[in-house]
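Trainee:
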Amino acid sequence: MYNQQQPITPLRFRRKAHAPLPEKPEAAEPDRAGNEHIRELLKAFGLRTSLIRLKVIDALHAAAREGRSIGVRGVHSQLEQLDIPLSFLSVREVLKRLCVEGVISLGSDKCYSLNPEARAVLEQPVSR
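Heads up, the sequence shown is in my numbering, so the first residue is 1 and it goes up one at a time.
(1) Identify the residues that DSSP records as bridge partners of SER113: which are they?
(2) Helix, strand or coil, according to DSSP, for ILE84 in the structure here?
(3) Taking only the alpha-carbon atoms, compute the straight-line gap between LEU86 and VAL100 and give it to the nearest angstrom.
(4) Assuming VAL91 and VAL103 make a contact with CB atoms under 8 Å, what is their CB distance in whole Å?
(5) If I follow the unbroken alpha helix (DSSP H) through GLU40, where does it start and stop?
(6) Let me make sure I understand the geometry here. Which of ARG48, ALA63, GLY34, THR49 has the alpha-carbon closest to that of ARG119?
(7) Per DSSP, what are the beta-bridge partners of ILE70 in this structure?
(8) Along the alpha helix (DSSP H) that carries LEU60, what are the first and last residues, could you check?
(9) Would you call the CB atoms of ILE70 and TYR112 closer than 8 Å?
(10) Buried or exposed: where does LYS110 fall if 16 or more other Cβ atoms within 10 Å of its Cβ makes it buried?
(11) Return helix, strand or coil for GLN78, following the three-state DSSP convention.
See below:
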């Protein structure tokens, strides 16, 4: 039953006790440094850095180093093999956005590849 004597606290004001967050392991830093060239690329094109953009560009860059271009399914499959849980639709939307921004281009075979300007930024030494 409802107790009129007890004040009602709305759900949004109820606080839960939280354990302190664990410190980030130092092993995460090398991965961040490994993505620095992709971060520079996104910055050069005026885009914000996001995990999905980093991973998609990394997959396209790996394909470019092997001398090939890949489609949406290829990028998605490559990310799945790396245990990166991104949906097919998310990958497709990121590829479309990178295309619009001029980072990558879509060929007549429906495969994506890095634009020469983007490739040049990725191959420059990282500035700190």
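Beta carbons are placed, not taken as given, at the ideal position from N, Cα and C, and that holds for glycine.
Mentor: According to the structure shown:
(1) Position 113 of the sequence shown holds residue 113. For SER113, which the question treats as bridged, DSSP gives the partners SER105.
(2) In the sequence shown, counting from the first residue as 1, residue 84 sits at position 84. In the structure shown, ILE84 sits in coil (DSSP, three-state: anything other than H, G, I, E or B).
(3) Against the sequence shown, residue 86 aligns to sequence position 86. Against the sequence shown, residue 100 aligns to sequence position 100. Taking the straight line joining both Cα atoms gives about 21 Å.
(4) Within the sequence shown, residue 91 is the residue found at index 91, counting from 1. Within the sequence shown, residue 103 is the residue found at index 103, counting from 1. Not quite, the Cβ-Cβ distance comes to about 15 Å (not below 8 Å), so this is no contact.
(5) Counting from 1 along the sequence shown, the entry for residue 40 is found at position 40. Here the alpha helix (DSSP H) through GLU40 covers 36-44.
(6) In the sequence shown, residue 119 corresponds to position 119, counting from 1. Selected option, being the one with the closest Cα: ALA63.
(7) One-based indexing of the sequence shown puts residue 70 at position 70. According to DSSP, ILE70 bridges with TYR112.
(8) Within the sequence shown, numbered from 1, the residue matching residue 60 stands at position 60. Counting along the chain, the alpha helix (DSSP H) containing LEU60 begins and ends at 51-65.
(9) On the sequence shown, position 70 is the one that residue 70 refers to. On the sequence shown, position 112 is the one that residue 112 refers to. Yes. Within cutoff.
(10) The sequence position of residue 110 within the sequence shown is 110, counting from 1. With fewer than 16 other Cβ atoms within 10 Å, it is exposed.
(11) For this step, residue 78 is matched to residue 78 along the sequence shown. GLN78 falls in the helix class under three-state DSSP.
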